[in-house]
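Using our numbering, the first residue of the sequence shown is number 1375, and each one after it goes up by one.
Every residue gets a Cβ at the ideal spot worked out from N, C-alpha and C, and that includes glycine.
As the structure is a computational prediction, the values presented were derived from the model and not from experiment.
Have a look at the structure below, then the notes.
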Amino acid sequence: MLTVVSVIVSYLIGAISFSYLITKKIKKIDIRKTGSGNAGATNTLRVLGVGPAIGVLILDVMKGVAAVLIARSFGLTDWAVALSGLFAVIGHDFPVYYGFKGGKGVATTIGVFFMIMPFDALMAGIITILIIVISRFVSVGSLFFLLFTPVLGCILGNYSPAVLAAVFLITALGYYQHRGNITRLLHGKENKIGRKKSQA
């Protein structure tokens, strides 16, 4: 029963779209209808600038952190904790409050991964930052982080198969949400940081 409660609470926390709320407050517009159409920190950067984007990033990361902390406070198994993290990401991607149209879940995934496998996420995070700085493609860095963190967990960690299954499900969901970015990258049409032209 506590696992069910944790999963539901994690989903509802994840479903809070800070990019939507902040953009509505500042510009009176739906962030999902401007820029790239994504309700996340990168599109907030395009629409509102650096300050609000950093705020959204931190708040979205904290959703993943909160989900894991709540699950652990219930004394749940590591697998149930990871499952709660997965549902926080699902909430961000498909929020019940906003017609199930949300973001891509990367920031919330960062929070979940850092709480579940901190060393692996830190190593992947450092390389991800370098990739983004060099390539100027946020999507490339995001895709790398989504995959490389659980891969490192498999190689270096001592996690149960159930935990690894949950984090790879998060990775699979992230790649699904980035399917448009992947297509644009393959066709050389993906936007870089700093370009004014918004993504289709």
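| Query | Result |
| --- | --- |
| Distance, ILE1490 Cα to VAL1537 Cα | 9 Å |
| Residues near LEU1460 by beta carbon distance below 7 Å, same chain, minus five either side | ALA1540, LEU1543, ILE1544 |
| Same chain only: Cβ atoms within 7 Å of GLY1469, ignoring 5 sequence neighbours per side | One point to set straight first is that residue 1469 is Pro, not Gly, in the sequence displayed. Here the set comprises ALA1389, SER1391, GLY1476. |
| ALA1427 versus ILE1400 - alpha carbon distance | 12 Å |
| Collapsed DSSP secondary structure at MET1436 in the structure displayed | helix |
| Environment of MET1524 [buried if 16+ CB atoms lie within 10 Å] | Per the sequence presented here, residue 1524 reads as Pro, with Met not at that position. When all chains shown are included, PRO1524 counts as buried. |
| Buried or exposed by the 16-neighbour rule on C-beta atoms within 10 Å, applied to ILE1432 | exposed |
| Contact belief for LEU1472 with TYR1394 at Cβ below 8 Å, rounded distance in angstroms | Reading the sequence as shown, one finds Tyr at residue 1472 and not Leu. With a Cβ gap of about 6 Å, TYR1472 and TYR1394 count as contacting. |
| Residue of PHE1518, ASP1494, PHE1487, GLY1411 minimising C-alpha distance to THR1502 | PHE1518 |
| 8 Å contact criterion, which LEU1547 and ASP1434 should meet: CB distance rounded | With a Cβ gap of about 15 Å, LEU1547 and ASP1434 do not count as contacting. |
| Through-space distance from ASP1404 to GLY1449, alpha-carbon basis | 39 Å |
| Coarse secondary structure for SER1391, derived from DSSP in three states | coil |
| Short Cβ contact (7 Å threshold) for VAL1512 with THR1482 | no |
| Residue span of the alpha helix (DSSP H) that contains PHE1511, given as start and end | It is not in any alpha helix (DSSP H) - PHE1511 carries neither H nor E in the DSSP assignment. |
| Rounded separation between MET1436 and LEU1386 - CA only | 13 Å |
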